[in-house]
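Note that the sequence shown ends on residue 590 in our numbering; no numbers are left out. By construction, the Cβ of each residue, glycine as well, lies at the ideal position given by its N, Cα and C atoms. These numbers were taken from a predicted model, which means no experiment stands behind them. Structure first, then comments.
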Amino acid sequence: MAGGPTKLKRDAGVIGLLYASLGAMIGSGWLFGALHGAMAAGPFSVFSWVIGAIATLFLAFVFAELSTMFPNSGALVHMTHASHGDLVGKIWTWILFLAFVSVPPVEVTSVVTYGDNYIHGLINPTTLSLTHFGTVVSIILLAFVVVLNFLAIRVVMAINSVATWWKVLVPLATIGILMAYSFHPGNMTAHIASTPVSGIFTAVATAGVAFSFLGFQQAIALAGETRNPGRYIPIALIGSVIISMLIYIGLQVSFIVALKPSDIVDGWTHLQFTGMAGPLAAIAFTVGAVWWGVILYVDAFVSPMGTAFIYATASPRIIMAAGEMGNAPKQVTRLNKNGVPWIGLIVTWVVGAIFFFPFPSWEKLVSAVELITVLSYMIGPVILLHLRHALPDYKRPFKLRAVYVVSAIAFIVSNWIIYWTGYDTVKILFGLVAVYVIVYLAWYFIKRKPLSELGWQQAWWLLPYFVGMWLVSWFGPTFKPMNGIGLIGFFTGMWIIAVFSLVILYLAIRCGQSGAAAQRVADRIQTLGSRGVDTHVDAGAEAALP
Numbered sequence: 045m046a047g048g049p050t051k052l053k054r055d056a057g058v059i060g061l062l063y064a065s066l067g068a069m070i071g072s073g074w075l076f077g078a079l080h081g082a083m084a085a086g087p088f089s090v091f092s093w094v095i096g097a098i099a100t101l102f103l104a105f106v107f108a109e110l111s112t113m114f115p116n117s118g119a120l121v122h123m124t125h126a127s128h129g130d131l132v133g134k135i136w137t138w139i140l141f142l143a144f145v146s147v148p149p150v151e152v153t154s155v156v157t158y159g160d161n162y163i164h165g166l167i168n169p170t171t172l173s174l175t176h177f178g179t180v181v182s183i184i185l186l187a188f189v190v191v192l193n194f195l196a197i198r199v200v201m202a203i204n205s206v207a208t209w210w211k212v213l214v215p216l217a218t219i220g221i222l223m224a225y226s227f228h229p230g231n232m233t234a235h236i237a238s239t240p241v242s243g244i245f246t247a248v249a250t251a252g253v254a255f256s257f258l259g260f261q262q263a264i265a266l267a268g269e270t271r272n273p274g275r276y277i278p279i280a281l282i283g284s285v286i287i288s289m290l291i292y293i294g295l296q297v298s299f300i301v302a303l304k305p306s307d308i309v310d311g312w313t314h315l316q317f318t319g320m321a322g323p324l325a326a327i328a329f330t331v332g333a334v335w336w337g338v339i340l341y342v343d344a345f346v347s348p349m350g351t352a353f354i355y356a357t358a359s360p361r362i363i364m365a366a367g368e369m370g371n372a373p374k375q376v377t378r379l380n381k382n383g384v385p386w387i388g389l390i391v392t393w394v395v396g397a398i399f400f401f402p403f404p405s406w407e408k409l410v411s412a413v414e415l416i417t418v419l420s421y422m423i424g425p426v427i428l429l430h431l432r433h434a435l436p437d438y439k440r441p442f443k444l445r446a447v448y449v450v451s452a453i454a455f456i457v458s459n460w461i462i463y464w465t466g467y468d469t470v471k472i473l474f475g476l477v478a479v480y481v482i483v484y485l486a487w488y489f490i491k492r493k494p495l496s497e498l499g500w501q502q503a504w505w506l507l508p509y510f511v512g513m514w515l516v517s518w519f520g521p522t523f524k525p526m527n528g529i530g531l532i533g534f535f536t537g538m539w540i541i542a543v544f545s546l547v548i549l550y551l552a553i554r555c556g557q558s559g560a561a562a563q564r565v566a567d568r569i570q571t572l573g574s575r576g577v578d579t580h581v582d583a584g585a586e587a588a589l590p
């Protein structure tokens, strides 16, 4: 679209950013998380949500500083290049792209799964996978989400704000209604003796807990489109995590106490009731709140589509940032007349549609997304600590206190979550990364580029990191979802990973770019920001956002 704008518009206010992150956290996860959490950890699942929230808060504090240092749209891509150079930047661009672009298909699949109650033939009733018809409908719905994002960012945020109000109010009302219609407090202590404590932690990684919280970075992806990132970004990040934590804990408790004691007579892992494919709506119908069950089926469209919508907003900005840093063709940085990266939107739709074929069900898609997304956050503490050394005088509108303690905890917890996903998911994730690295290195040497320009000096720490994490997961316990060979116990593995993480964190910081090299990249990023963002806000911009 030659002749169109070349600048993004700073039309995203603090409430719009908070709604962006909160809207990304309250999607299909709230519709399924309480069920899978209860099956994994019973009443202990309440602690899973607390652990997930605390882990996310540590990461949020880390990224609050980083995102305000580089308040460009697609900031995650920029900051990796500034800290650890070209090779690490390219690897993490690939990981981040997959993490963002794969979420809209998850949410669309959730909508279609619930929609099979009204339009039969969308889902195979035996496997709960998309039929050919369901796949076509999913691709069309994904296209609808993408088309809406061709609007100006202020309109996009206004639309999301309306959807987020709905997405917050419906879960809150569900908490009260389920407890009012059915209240069995004895369920909170039922079968706790036979419920493994390890389930508290594995639920974080496998029951949708981590998946539900990790939407907080939507505010970071839109950092370039707010006028006051130093103030707005931390408020949006921390506020969205706390609000969503309270909602999810309330939902978990209300779900557990609303169950009939007969539903859990065989224990939490064998929890069974009619309509489990749509658990909260099914419980509402069972306890007599039929009218609310109908509303929940409506919400099964609104909440996931709202999350798909905001991820489709952020994904093209990650793609645009990749183009700015030389990781993708320059064409992906083009903007339409509304200041929207339109080529990135098309790529988001095409790649997102591909995900429906190898992962044709919600459960399969969520597993794929979680294992990609968690790794994408691991790099944050590494970048923060290295840039504190490499760029000590760089402007930081938000500066994190106790940075070494917070960053170390965030790094350890990130690796714990990867460990909790189990060996099967770890080997798949690391395999995807290995394939990309091998293909990239093959291309690099075919082009006869000099080894000195590859950036291996800043990237070599990744080899012991991936090998070490793979070995600990492989040596881990045999029970599901860990699926290791049983050489070490669950908590022994956690202690090993904690120590291992500190060693890797030290190596990674030492491997970062020199201060001069980091400054050159940071200056380039600033140039992109000054050229790529329209700091003028028209008279109607503020009125368009809450």
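The beta carbon of E414 lies closer than 7 Å to those of A249, A254, F255 and T465 in the same chain, with the five residues before and after it left out.
Burial of P323 is indicated by the presence of at least 16 other C-beta atoms within 10 angstroms of its C-beta. The beta carbons of L444 and F105 sit closer together than 7 Å. Under the DSSP assignment, N459 falls in the alpha helix (DSSP H) whose first and last residues are V447 to W464. Contact between the segment 441 to 455 and the segment 273 to 280 is present: three or more C-beta pairs spanning the two stretches fall below 8 Å. Rounded to whole angstroms, A325 and S72 show a C-alpha spacing of 13 Å. Inclusion of A562 and L419 in the CB contact set at 7 Å is not warranted, their separation being larger than that value. When the beta-carbon positions are compared, G96 and S89 stay at least 7 Å from each other. In chain order, A356, L389, T392 and W393 place their CB closer than 7 Å to the CB of V190, counting only its own chain and leaving out the 5 sequence neighbours on each side.
Using a 10 angstroms sphere on the CB of V457, the tally of other CB atoms reaches 16 or more, which defines it as buried. DSSP places L172 in the coil class of the three-state scheme, outside both helix and strand. Here I532 carries a coil assignment [DSSP, helix/strand/coil]. Cβ neighbours of A302 within its own chain (closer than 8 Å, five residues either side excluded): L222, M223, Y225, S226, F227, H228, I327 and V331. Straight through space, the alpha carbons of P273 and T137 are spaced by roughly 23 Å. Between the alpha carbons of W460 and F535 lies a gap of roughly 10 Å.
At the C-beta level, T313 and M113 stay beyond 7 Å of one another. Comparing C-alpha distances from T571 to each of F474, P115 and F91 shows the shortest one belongs to P115.
Beta-bridge pairing by DSSP links I167 to L174.
Runs of the beta strand (DSSP E) lying entirely within the segment 263 to 351 and spanning at least 3 residues: none are present. When rounded, the separation of the alpha-carbon atoms in A566 and G133 is 13 Å. Using a Cβ distance threshold of 7 Å, G252 and F76 count as a contacting pair.
By the CB criterion at 7 Å, S405 and P425 fall outside the cutoff. Distance from the Cα of Q502 is smallest, within the candidate group I354, Y550 and T233, for Y550. Between K374 and I569, the alpha-carbon positions lie close to 15 Å from each other. The alpha carbon of F519 has as its nearest neighbour, out of I541, F317, V447 and H433, the alpha carbon of I541. G259 sits away from H430, with the two beta carbons spaced by 7 Å or more. Residue state for P87 is assigned as helix, using DSSP reduced to three classes. Of the other Cβ atoms in all chains shown, fewer than 16 fall within 10 Å of the Cβ of D437; this residue is therefore exposed.
Within the same chain, V156, T157, D160, S173, L174, T175 and G178 come within 8 Å of I167 by CB-CB distance, once the 5 residues on both sides are set aside. Of the candidates L476, I139 and Y63, the residue whose Cα lies closest to the Cα of W210 is Y63.
DSSP, reduced to helix, strand and coil, places F400 outside both helices and strands of the structure shown, so it counts as coil.
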